[in-house]
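Read the structure below first, then the notes.
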Amino acid sequence: MPAGRPVTEVGVAGSIHVSRVRPGAYRARVRVRDLDGVVRQVTATGTTKAAAERALRAKLVHRQTPTTGGTLSRETTLAQLTQEWVSFLRSEGRIEQSTVNEYQRVLDNVILPKLGSLRLRELSTSRLERFLVGLRSVSPSRQRKAKVVLSAALGMAVRHDVLMVNPVQQTSRIQRERSATRSLTTEELREVSKALDRWEATQRPGPQASTDMRDIVDLMLATGARIGEILALRWTEVDLDATPPRLTITGTIKTEPGKGTYRKPSPKTDASLRTLSLPDFGVAVLRRRQQEHSGNPLDAVFPTRNGTWQQVTNVERRWRQIRKDTSVQWVTPHTFRKTVATLIAEAVDAETAAQQLGHTSPDITREFYIAKPAIAADVAHVLAGLKRS
Numbered sequence: 002m003p004a005g006r007p008v009t010e011v012g013v014a015g016s017i018h019v020s021r022v023r024p025g026a027y028r029a030r031v032r033v034r035d036l037d038g039v040v041r042q043v044t045a046t047g048t049t050k051a052a053a054e055r056a057l058r059a060k061l062v063h064r065q066t067p068t069t070g071g072t073l074s075r076e077t078t079l080a081q082l083t084q085e086w087v088s089f090l091r092s093e094g095r096i097e098q099s100t101v102n103e104y105q106r107v108l109d110n111v112i113l114p115k116l117g118s119l120r121l122r123e124l125s126t127s128r129l130e131r132f133l134v135g136l137r138s139v140s141p142s143r144q145r146k147a148k149v150v151l152s153a154a155l156g157m158a159v160r161h162d163v164l165m166v167n168p169v170q171q172t173s174r175i176q177r178e179r180s181a182t183r184s185l186t187t188e189e190l191r192e193v194s195k196a197l198d199r200w201e202a203t204q205r206p207g208p209q210a211s212t213d214m215r216d217i218v219d220l221m222l223a224t225g226a227r228i229g230e231i232l233a234l235r236w237t238e239v240d241l242d243a244t245p246p247r248l249t250i251t252g253t254i255k256t257e258p259g260k261g262t263y264r265k266p267s268p269k270t271d272a273s274l275r276t277l278s279l280p281d282f283g284v285a286v287l288r289r290r291q292q293e294h295s296g297n298p299l300d301a302v303f304p305t306r307n308g309t310w311q312q313v314t315n316v317e318r319r320w321r322q323i324r325k326d327t328s329v330q331w332v333t334p335h336t337f338r339k340t341v342a343t344l345i346a347e348a349v350d351a352e353t354a355a356q357q358l359g360h361t362s363p364d365i366t367r368e369f370y371i372a373k374p375a376i377a378a379d380v381a382h383v384l385a386g387l388k389r390s
């Protein structure tokens, strides 16, 4: 029995046929299998065969194809799509709300003012390429964030069969400018200590500065933990009488609009949930704080004067004030984590450094956190064996 005509692929048009209707009038027609699986005939007319065919091709480009259902279509604007996408992310709850808030900020301030009124069928790769290239002169970071958000949002249109491909994925790869990872030297650590001394001794309106900033910095250096993890630390997670003394990272601090600052009962990733042994200077910091500070309802190691959780942004702002006009003005809180990672990698290995920092992969630690030595290891005695006789 002869095989039948092969089934047309979904979204594919057949061959165009043009016929003369009457003198000076031609009709072009084609069969298209739409995204809902139904084959439909599309026609267009023109005064010549070529004109009718051009009209039909233009009609196919701008035609709104029936789908398997849903509220999205090729006529949906980017603003409408992103609104539905953000709502989906919030209801799903898989992504941190603070991350969704950042996506919304990028949409409102960067993407939608330029592209929001365009319909999905108008978002060609070339148009998005021009948009993204234009952002690079403003800020490479803004360009990178815009591409991530655009790609994720248009991925929803692909999943709903509105777009066959994601046009963002065909744009040029964004080249990230990488600076060499830098960790603190012994002399630079002394400069950090001097900067903290000056800040604590400075006379300013209001209450005298506490030792909180010094203690936070010291605990970051003693553990390699993130700021949010240090600020979320509770006394029930500290065991100074164990052998060796240790603390356990079980949460982090978040601040969200409408929700305020709160302790999230899980750190950034599963790998971030970890128990860390403490060096002597870290134990000394925590013992002193136990003696000097009365209890608080949160059981927080670093509560505010009002007994609430400290905000990460406030600590980062205070650190910028401390380092201002000093030789360590380049140092960020992440520099303390990089210093810990570099020291552990040199003394042990990168895998151990990754475990200490709570990374899911040592590759992340190697690429972004471990400073490369200025001078390669002394292997002259090994190379001596290569001398030609």
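The sequence shown begins at 2 in the working numbering and counts up one residue at a time. We put the CB at the ideal spot given by N, CA and C, even for glycine.
Let me make sure I understand the geometry here. Which of the options has the alpha-carbon closest to that of residue i?
i      : options                           : result
Glu238 : Val111, Ser278 and Thr270         : Ser278
Phe132 : Asp109, Thr77, Gln144 and Ile254  : Gln144
Gly215 : Ala196, Gly225 and Thr224         : The sequence given here places Arg at residue 215; Gly does not occur at that position. It is Ala196.
Ile17  : Gln292, Ala342, Ala45 and Pro245  : Ala45
Ser74  : Gln291, Gln98, Ala147 and His161  : His161
Arg367 : Thr172, Val349, Gln357 and Thr343 : Thr343
Val101 : Pro258, Asn167 and Trp200         : Pro258
Ala53  : Asp35, Tyr27 and Thr244           : Tyr27
Thr49  : Ala29, Val33, Arg128 and Leu129   : Ala29
Arg174 : Trp200, Glu189, Thr126 and Glu192 : Thr126
Lys325 : Leu358, Glu192 and Arg227         : Glu192
Thr83  : Asp198, Val150, Ser92 and Leu234  : Val150
Asp364 : Lys373, Glu352, Arg275 and Thr333 : Glu352
Ser152 : Gln171, Arg199 and Gln98          : Gln171
Arg122 : Val87, Lys60 and Ser180           : Lys60
Ser88  : Gln105, Thr77 and Thr78           : Gln105
Ala355 : Ala285, Ile231 and Ser273         : Ser273
Val13  : Val19, Pro24 and Val31            : Val31
Arg227 : Ser362, His335 and Glu76          : His335
Following the continuous beta strand (DSSP E) through residue i, name the residue where it begins and the one where it ends.
i      : result
Gln42  : Val40 to Gly47
Tyr263 : Gly261 to Lys265
Ser20  : His18 to Arg23
Ile254 : Thr253 to Glu257
Val169 : Note, Val169: premise wrong, no beta strand (DSSP E); not H, not E.
Buried or exposed, going by whether 16 or more other CB atoms sit within 10 Å of the CB of residue i?
i      : result
Trp320 : buried
Ser184 : buried
Trp331 : exposed
His360 : buried
Thr224 : buried
Gly70  : In this predicted model, Gly70 has a pLDDT of only 49, less than 50, meaning its place in the structure is not dependable enough to derive any value.
Glu293 : exposed
Asn167 : buried
Ile371 : buried
Asp213 : buried
Phe303 : buried
Glu188 : exposed
Asp350 : exposed
Gly229 : buried
Pro374 : exposed
Thr163 : The amino acid at residue 163 is misidentified as Thr; the sequence shows Val. Under this definition Val163 is a buried residue.
Ala348 : exposed
Tell me the DSSP bridge mates of residue i?
i      : result
Leu277 : Leu248
Trp310 : Pro304
Thr78  : Arg120
Val31  : Val43
Val332 : Val332 is not bridged to any residue.
Asp240 : Arg247
Arg324 : Arg324 is not bridged to any residue.
Ala342 : Ala342 is not bridged to any residue.
Ignore the nearest five residues each way along the sequence and tell me which others in residue i's own chain have a CB closer than 6 Å to its CB.
i      : result
Leu222 : Phe337
Leu90  : Ile96 and Val101
Gln357 : Gly225 and Ile345
Leu124 : Pro168
The alpha helix (DSSP H) with residue i in it runs from where to where?
i      : result
Ile217 : Asp213 to Thr224
Arg199 : Thr187 to Ala202
Gln176 : Counting along the chain, Gln176 falls outside any alpha helix (DSSP H), and DSSP gives it neither H nor E.
Leu358 : Ala351 to Leu358
Ala181 : That residue, Ala181, is in no alpha helix (DSSP H); it is neither H nor E in DSSP.
Glu103 : Gln98 to Val107
Ser142 : Pro141 to Arg160
Ser127 : Thr126 to Arg137
Please go through the same chain and pick out, in chain order, the residues whose beta-carbon is closer than 7 Å to the beta-carbon of residue i, but skip the five residues on each side of it.
i      : result
Gly296 : none
Ala202 : none
Arg21  : Tyr27
Lys432 : Residue numbering for the chain in the displayed model covers 2 to 390; residue 432 lies beyond these limits and cannot be assessed.
Arg288 : Leu241
Met2   : Low confidence applies to Met2: its pLDDT is 46, below 50, so where it sits in the model is not reliable enough to give any reading.
Give me, in chain order, the residues of the same chain whose beta-carbon lies closer than 8 Å to that of residue i; leave out the 5 immediate sequence neighbours on both sides.
i      : result
Pro298 : Gly308
Val159 : Met165, Val166 and Asn167
Gly261 : none
Lys148 : Leu133, Val169, Thr172 and Ile175
Pro280 : Ala223
With a threshold of 6 Å (Cβ to nearest heavy atom), would residue i be considered close to the ligand NAD?
i      : result
Val286 : Of ligands this structure carries none, so the ligand NAD is not represented either.
Determine, using beta carbons only, whether residue i comes closer than 7 Å to chain D.
i      : result
Gly117 : Here chain D cannot be found, since the structure has a single protein chain.
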